[in-house]
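Here the sequence shown is numbered in my numbering, starting from 1 and rising by one per residue.
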Amino acid sequence: MSIFSFISNLFKPAADLVDELHVSDEEKGKLRNQLAEIQAKAQKQMLDYEAKVVEARSKLMVAEAQSPHLITAIWRPVACLSLIALVVLSAYGIGNPDKEVYELTKILLGAYASGRTIEKVVKVSKFGK
Numbered sequence: 001m002s003i004f005s006f007i008s009n010l011f012k013p014a015a016d017l018v019d020e021l022h023v024s025d026e027e028k029g030k031l032r033n034q035l036a037e038i039q040a041k042a043q044k045q046m047l048d049y050e051a052k053v054v055e056a057r058s059k060l061m062v063a064e065a066q067s068p069h070l071i072t073a074i075w076r077p078v079a080c081l082s083l084i085a086l087v088v089l090s091a092y093g094i095g096n097p098d099k100e101v102y103e104l105t106k107i108l109l110g111a112y113a114s115g116r117t118i119e120k121v122v123k124v125s126k127f128g129k
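Pasting the structure below:
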């Protein structure tokens, strides 16, 4: 579910209520317009918040990658390789990781891949300068 559909679903009962009111069509139209404006403002605020979160994450990843401390700079690849090793070893019958390990592997690999993408984008953007 996208954030837009979530916000739209929040405003749907109010929109349905406007349709049920016993007022003129002109007043219903005004109420619908006001409701749509409030909904648009809420969606814009959510987009602004998401942009700030992405910016903060990218700054954190750049700071980690540029860290003079080795463990801070390489913890993501080491964690990914460790989890992949667990999965590969379990394929050969060595070890028996829980279902949660597979879920964690999927999450961490997704985060690592997106983190690497953000690092590459940041190098080109203003943050990399």
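Note that CB positions come from ideal geometry on N, CA and C, so glycine has one too. The structure presented is a predicted model; accordingly, all values stated were derived computationally and were not measured.
- With contact defined as three or more Cβ pairs closer than 8 Å, the segment 61-79 and the segment 29-43 are not in contact.
- Restricted to the segment 38-101, the alpha helix (DSSP H) segments that are unbroken, complete and at least 4 residues in length are 70-91, listed in chain order.
- Under the three-state reduction of DSSP, Ser8 is assigned to helix.
- Cβ contact annotation for Val18 (same chain, cutoff 7 Å, sequence separation greater than five): Lys28, Leu31, Arg32 and Leu35, in chain order.
- Contact annotation: Pro77 and Tyr112 have beta-carbon atoms nearer than 9 Å.
- Counting C-beta atoms within 10 angstroms of its own C-beta, Ser58 has 16 or more neighbours from the protein chains shown and is therefore classed as buried.
- The criterion of a C-beta distance shorter than 9 Å is satisfied by Val101 and Leu86.
- By the 16-neighbour rule on beta-carbons within 10 angstroms, Leu89 is exposed.
- CA-CA distance, Ser8 to Ala15, rounds to 10 Å.
- Within the same chain, and ignoring the five residues on either side of Glu20 in sequence, no residue has its Cβ closer than 8 Å to its Cβ.
- DSSP, read as helix, strand or coil, puts Leu21 in coil.
- Residue environment analysis places Leu10 among the exposed positions, since fewer than 16 neighbouring C-beta atoms fall within 10 angstroms of its C-beta.
- CA-CA distance, Ala51 to Leu60, rounds to 14 Å.
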